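Notes to accompany the following structure.
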């Protein structure tokens, strides 16, 4: 499948919300499906389209993946692209869409956001598929936040801080 990737707009709100709910239901996000509301999605979509980037991938006429983030607002950290989230619909995982979205995001940062020098993200220590993807893209683990994530089964899990230098 050749990914159909483009910039997100506010007109994509419903499709992104639906896809995020599916990703959350499968445990792919640090949110429960009921926490994925149109207000939540509109909030990050507004922020990303105004100050950062939001890209989505379409398949079968619907949104099946999205990635977004933005530069940190403080002047000392304005070179850092963070608050990064990626979600792929569970039915479309394992097809290279996450890698394609990330590659497109990095290309957009390198070509259009010249002031960005680093990209940051967090990843559950147990999410081995995501860690393999991020390592393959050049991200390195820079820290571990012990017991940061509390899951529905009542367990705590570490959150890994990862970074990628783009310049």
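Residue numbers (the numbering used here): 8 to 174.
Glycine is no exception: its CB is placed at the ideal position from the N, C-alpha and C atoms.
From a predicted model like this one, the values you see are computed outputs, not experimental measurements.
Please report the distance separating the alpha-carbon of residue i from that of residue j.
i, j, result
"residue 168", "residue 64", "25 Å"
"residue 90", "residue 75", "8 Å"
"residue 69", "residue 131", "28 Å"
"residue 19", "residue 161", "35 Å"
"residue 54", "residue 112", "16 Å"
"residue 181", "residue 140", "Shown here, the chain extends from 8 to 174; a query on residue 181 therefore has no answer."
So the candidates are the options; which of them puts its Cα closest to the Cα of residue i?
i, options, result
"residue 61", "69, 68, 51 and 67", "51"
"residue 72", "123, 12 and 137", "12"
"residue 154", "115, 133 and 125", "133"
"residue 4", "45, 137, 149 and 108", "Residue numbering for the chain in the displayed model covers 8 to 174; residue 4 lies beyond these limits and cannot be assessed."
"residue 38", "138, 163, 158 and 135", "158"
If I measure Cβ to Cβ from residue i and keep anything under 8 Å in the same chain, skipping five residues before and after, which residues do I get?
i, result
"residue 110", "144"
"residue 122", "78, 85 and 86"
"residue 36", "27, 30, 43, 92 and 94"
"residue 166", "129, 130, 131, 132, 151, 152, 155 and 156"
Note down, in chain order, each residue of its chain lying with its Cβ closer than 7 Å to the Cβ of residue i, except the 5 sequence neighbours on either side.
i, result
"residue 29", "96 and 97"
"residue 6", "Within the shown structure, residues of the chain are numbered from 8 to 174, placing residue 6 beyond reach of any answer."
Indicate the three-state DSSP secondary structure (helix, strand or coil) for residue i in the structure shown.
i, result
"residue 96", "coil"
"residue 174", "coil"
"residue 88", "strand"
"residue 15", "coil"
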